[in-house]
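Report on one structure; see the data block that follows.
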Amino acid sequence: MPAAAEFASVAPGSDYDTVRRVLAYITENWRAQPTIETIAGAAGATPTDIHHLFRRWCGLTPKAFLQAITLYHAKNLLGASASVLDTALEVGLSGPGRLHDLFVTHEAMSPGEWKAGGGGLSLSYGFHPSPFGEALIVTTPRGLAGLGWVSDGLDGGKVVGGRAEALADMMRRWPHAQYRFDPQATAPYAARIFDPKAWSAETPLRVVLIGTDFEVRVWQTLLKIPVGRATTYGDVACHIGKPSASRAVGMAVGKNPISFVVPCHRVIGKSGALTGYHWGLTRKRAILGWEAGQTAG
DNA sequence: TATTATCGCGGAT
DNA sequence: ATCCGCGATAATA
């Protein structure tokens, strides 16, 4: 707890704050095969603290968590059979859009519709705590349009961060929209999204996909990847009928505006390498590790 | 035209 | 085993 106060920029003392430092240390020093004592020391905590933290945060012991973010485990996420996307469909869940465990119903808003009729469209935004740091949530009257993260310091040695930058990043996606700070409008979304106990099929989460036709098709495909599984850029490309477009898929995945809800973190390279994440690879690891804990129980 | 959060192939460590 | 460099490839600004 005392060490966390030094990182007062965001959610001081939060679980993710420490998790982030553990992950950052491991990614930079994995070659040295650091012991749990060394890792704990670098994160400013005792091994016992670390143990309790991971049990509380994701339900896994530190050892299990570390194993969950290795390349070997990432390959397992991909699944032995043909494609995770196909097996998801075989399970026989009824409608499109409720395959995600968050029970999302989605509608698409094409750029044309967005530019032509978008004059009156206004977006509400707010900042809310989450298991992965402070989240920026953007909504329309029709549903969730954006979810991003406020960077909280270092990622891969690069200094980034702040609410202003998080908001600017989101506004860059739809520069012509009207933005209104309205935490009361966005708070219910935060409560729903980050509490697995609140995930329910009866009241699906409404999301609005704003992008090109190609991007929307990719994002819709991502919604079919179950919690605790992963797929590859090439698999997504096959799924939308363009087997050779894996690179273009990577670009579209990277532009996903609704982090976590549209699970772009569950797309990894064919080798099992995590390859990239708009909000930092450290966060991608953290989310995948957290999800491993959710499915383990 | 020049960018990619890709992929698979050789050839060199 | 692992890692680079390369070309093919599809969608954007």
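Numbering-wise, this note's numbering puts 122 at position 94 of the first sequence, and it's gapless, one number per residue.
Here a beta-carbon is modelled for each residue, glycine too, at the ideal position from N, C-alpha and C.
First and last residue of the uninterrupted beta strand (DSSP E) at residue i
i	result
residue 156	150-156
One or two residues paired with residue i in a DSSP bridge
i	result
residue 163	156 and 177
residue 206	150
residue 137	238
residue 172	167 and 235
residue 260	296
Close beta carbons around residue i, own chain, < 7 Å, minus the five adjacent residues each side
i	result
residue 255	129, 319, 322 and 323
residue 168	149, 151 and 236
residue 305	293, 311 and 312
Start and end residues, alpha helix (DSSP H) containing residue i
i	result
residue 326	Absent from the model: residue 326. The displayed extent of the chain is 29 to 325, so no value can be given.
residue 47	43-57
residue 268	Neither: residue 268 is in no alpha helix (DSSP H) and is coded neither H nor E.
residue 69	64-70
residue 74	Looking at the DSSP string, residue 74 is not in any alpha helix (DSSP H), and its letter there is neither H nor E.
residue 214	211-221
Spatial neighbours of residue i in its chain, beta-carbon cut-off 6 Å, leaving aside the 5 residues before and after
i	result
residue 300	99, 102 and 103
residue 170	236
Proximity of residue i and residue j at Cβ, strictly below 7 Å
i	j	result
residue 160	residue 311	yes
residue 265	residue 273	yes
residue 163	residue 142	no
residue 210	residue 158	no
residue 79	residue 90	yes
residue 51	residue 229	no
residue 136	residue 244	yes
residue 292	residue 277	no
residue 113	residue 252	yes
residue 240	residue 75	no
residue 133	residue 224	no
Proximity test, residue i beta-carbon vs the ligand FAD heavy atom, cut-off 6 Å
i	result
residue 271	Absence of the ligand FAD from the depicted structure is noted, as is the absence of any ligand whatsoever, leaving it without description.
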